[in-house]
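> Residue numbers (UniProt numbering): 1 to 113.
Even glycine gets a Cβ: it sits at the ideal position worked out from N, Cα and C.
Note that the structure is a prediction, hence the values are computed from the model and not measured.
I'd like to ask some things about the structure below.
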Amino acid sequence: MFNFFKRNKSNTSKTTEKQVFYDEKNAFVIYFKCSKCGEKFRSYLRKGYDFITDYDTGEYKINKEYIGSKCFNRIHLSATFDRNYKLKEYTLENGEVISKEEWEGKDNVQNKR
């Protein structure tokens, strides 16, 4: 008659997007590259230090700017997380998100410091 335990199949396929933030211990890591020169970046965002707390909504926010060594293009990262550090939305201006595997690729040996 009624099937209360039936799973809604349309909600299970929402994880097709590329992973943006990687959780490592007490920090999030984002990998991206400059849209102008292609320089690759890795940024560690510490949960207790780099996040701004919005006390009205209980959300956490990130606003960071990056400038590389190859060009002077400003890359702006803005992200909003809920109180459990789940990503709600993000924008990356003048940059492009890459995967961890792309960062660890053989063409990026000089950027590992």
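Which residue from Gly68, Asn63, Arg83 puts its Cα closest to that of aspartate 56?
For the purposes of this step, residue 56 is identified with residue 56 of the sequence shown, where counting begins at 1. Among Gly68, Asn63, Arg83, the Cα nearest to that of aspartate 56 is on Arg83.
> Since I believe asparagine 94 is in contact with lysine 36 (beta carbons under 8 Å), could you give me their beta-carbon distance rounded to a whole number of angstroms?
If you number the sequence shown from 1, residue 36 lands on position 36. If you number the sequence shown from 1, residue 94 lands on position 94. Yes, they are in contact, since the Cβ atoms of lysine 36 and asparagine 94 sit about 7 Å apart, within 8 Å.
> For isoleucine 75 versus tyrosine 85, is the C-beta distance shorter than 7 Å?
What you label residue 75 is simply residue 75 of the sequence shown in a count that begins at 1. What you label residue 85 is simply residue 85 of the sequence shown in a count that begins at 1. Not a contact, by the Cβ cut-off of 7 Å.
> Skipping 5 residues on each side, what residues in its chain have a beta carbon closer than 6 Å to that of isoleucine 73?
Indexing the sequence shown from 1 puts residue 73 at position 73. Here residue 73 turns out to be asparagine, not isoleucine, going by the sequence shown. Closer than 6 Å at the Cβ level, and outside the excluded window around asparagine 73, lie Cys34, Lys36, Asn94.
> For threonine 53 and glutamate 89, what's the separation of their Cα atoms in angstroms?
Position 53 of the sequence shown, counting from 1, holds the residue named residue 53. Position 89 of the sequence shown, counting from 1, holds the residue named residue 89. Threonine 53 and glutamate 89: Cα-Cα distance of roughly 15 Å.
> Could you pull the start and end residues of the alpha helix (DSSP H) that lysine 100 belongs to?
As a working mapping, residue 100 is identified with position 100 in the sequence shown. Residues 100–103.
> Work out the CA separation of isoleucine 30 and threonine 91 for me, nearest whole Å.
In the sequence shown, the residue the question calls residue 91 occupies position 91. In the sequence shown, the residue the question calls residue 30 occupies position 30. The straight-line gap from Cα to Cα measures roughly 12 Å.
> Nearest-angstrom Cα distance between arginine 46 and leucine 77?
On the sequence shown, position 46 is the one that residue 46 refers to. On the sequence shown, position 77 is the one that residue 77 refers to. Each residue's alpha carbon lies about 15 Å from the other.
> Please report the residue range of the beta strand (DSSP E) in which asparagine 63 lies.
Walking along the sequence shown from the start, residue 63 turns up at place 63. Start and end: 59–67.
> Within the same chain, show all residues whose beta-carbon is closer than 6 Å to that of glutamate 39, passing over the 5 residues directly before and after it, in chain order.
The residue given as residue 39 occupies position 39 in the sequence shown. Correct list, in chain order: Gly68, Lys70.
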